[in-house]
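Okay, so here's the structure we're looking at.
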Amino acid sequence: MVLMSFLAFSGCKTDARKLRISTIYTEPERVVKEVPETDKIQTYTTRQEVTERLNPMILMLSKTGKILKFRIQGNISSGGHIINQIEKIRFEKGKQNGNSITLKYYTEITRKSGKESAGVSGYNYTKDEIYTVPDDVKVIKVELYEDQINKAPDKYIKLIAQQTFNFFTKI
């Protein structure tokens, strides 16, 4: 029994480079407001986010030898009669310019007709990446773009985060 449990757990490996998407939830909140002109109290309902919305950024997780591990994170809004969904994060290696290189990541967002649940205001996403740094590269610039692929090309590509990692050795 113990041996079977060990084999079951050893066969389960999580992919660290997998795109993880989580929903940003809202809940109704009652607001009471006094109207100064009439001195009457007005009560209405708004929606308050209960899930933290991740800021778009690139974070270095570790650098060991030639291996750089970093995390890409961000969020998209979705609601109303159009549903925005994250399809994937596409990687494009930029040109090497001297001792620096640019890595470009595109979050591909598709728009679908339909109605999003009233309790959903968007989606957070994170993805861990591993990059093997060439010997002659000392500066790595990582850029994160949003690409709405259902719309006209290049018109809806927007830079949302960038980070530069500098690996010059001190003498």
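Start counting the sequence shown at 4; every next residue gets the next number (the working numbering). For every residue, glycine included, the Cβ atom is placed at its ideal position computed from N, Cα and C.
Practice task
Would you identify the three-state DSSP class for glutamine 165, choosing helix, strand or coil?
Solution key: As a first step, residue 165 is located in the sequence shown; it is residue number 162 there, counting from the start. Note: glutamine 165 maps to strand in three-state DSSP.
Practice task
Count the other CB atoms, across all protein chains shown, that sit within 10 Å of the CB of lysine 130; report buried if there are 16 or more and exposed otherwise.
Solution key: As a first step, residue 130 is located in the sequence shown; it is residue number 127 there, counting from the start. By the neighbour-count rule (16 or more Cβ atoms within 10 Å), lysine 130 is buried.
Practice task
Go through its chain and collect everything with a Cβ distance to isoleucine 92's Cβ below 8 angstroms, but skip five positions before and after it.
Solution key: In the sequence shown, counting from the first residue as 1, residue 92 sits at position 89. Cβ within range, chain order: Leu22, Ile75, Tyr108, Tyr109, Thr110, Glu111, Tyr128 and Lys130.
Handout entry: Extent of the continuous beta strand (DSSP E) to which threonine 113 belongs
Key = The sequence position of residue 113 within the sequence shown is 110, counting from 1. Unbroken beta strand (DSSP E) run through threonine 113: 103–116.
Handout entry: Residue nearest to methionine 60 in terms of C-alpha spacing, selected from Ile163, Pro137, Asn169 and Phe171
Key = Residue numbering aside, residue 60 sits at position 57 when the sequence shown is read from its first letter. Comparing alpha carbon positions, the residue from Ile163, Pro137, Asn169 and Phe171 closest to methionine 60 is Ile163.
Exercise for the section: Run through the stretch 33–86 for me and flag every whole alpha helix (DSSP H) of 4 or more residues, listed as ranges in chain order. Expected result: none
Problem - aspartate 161 versus Glu30, Glu40 and Ile79, residue with shortest Cα-Cα distance - result: Here residue 161 corresponds to residue number 158 of the sequence shown, with the count starting at 1. According to the sequence provided, residue 161 is lysine. The question's aspartate does not apply to it. Taking only the C-alpha atoms, the option nearest lysine 161 is Ile79.
Problem - Cβ shell of valine 142 (< 8 angstroms), same chain only, five flanking positions each side left out - result: In the sequence shown, residue 142 corresponds to position 139, counting from 1. Shown here for valine 142: same chain residues with a beta carbon closer than 8 angstroms to its own, the five before and five after excluded, namely Asn102, Ser103, Ile104, Thr167, Phe168, Asn169, Phe170 and Phe171 in chain order.
Handout entry: Residue range of the unbroken beta strand (DSSP E) whose run includes aspartate 150
Key = The residue labelled residue 150 in the question sits at position 147 within the sequence shown. Segment 142–151, the beta strand (DSSP E) holding aspartate 150.
Problem - Close-in-space but distant-in-sequence residues of the same chain around glutamine 122 (CB under 6 angstroms, 5 per side omitted) - result: As a working mapping, residue 122 is identified with position 119 in the sequence shown. Inspection of the sequence shows that residue 122 is occupied by glycine rather than by glutamine. Cβ within range, chain order: Tyr28 and Thr29.
Handout entry: aspartate 138 in three-state terms, based on DSSP
Key = Mapped onto the sequence shown, residue 138 falls at position 135. Coil.
Exercise for the section: Take the Cβ of serine 124 as the centre, count every other Cβ of all protein chains shown within 10 Å, and call the residue buried at 16 or more, exposed below. Expected result: Residue numbering aside, residue 124 sits at position 121 when the sequence shown is read from its first letter. It is buried - the Cβ of serine 124 has at least 16 other Cβ atoms within 10 Å.
Problem - C-beta contact flag for asparagine 58 and threonine 113 at 8 angstroms - result: In the sequence shown, counting from the first residue as 1, residue 58 sits at position 55. In the sequence shown, counting from the first residue as 1, residue 113 sits at position 110. No, the pair does not count as a contact, with Cβ atoms beyond the cut-off.
Practice task
With DSSP as the reference, label lysine 98 as helix, strand or coil.
Solution key: One-based indexing of the sequence shown puts residue 98 at position 95. Strand.
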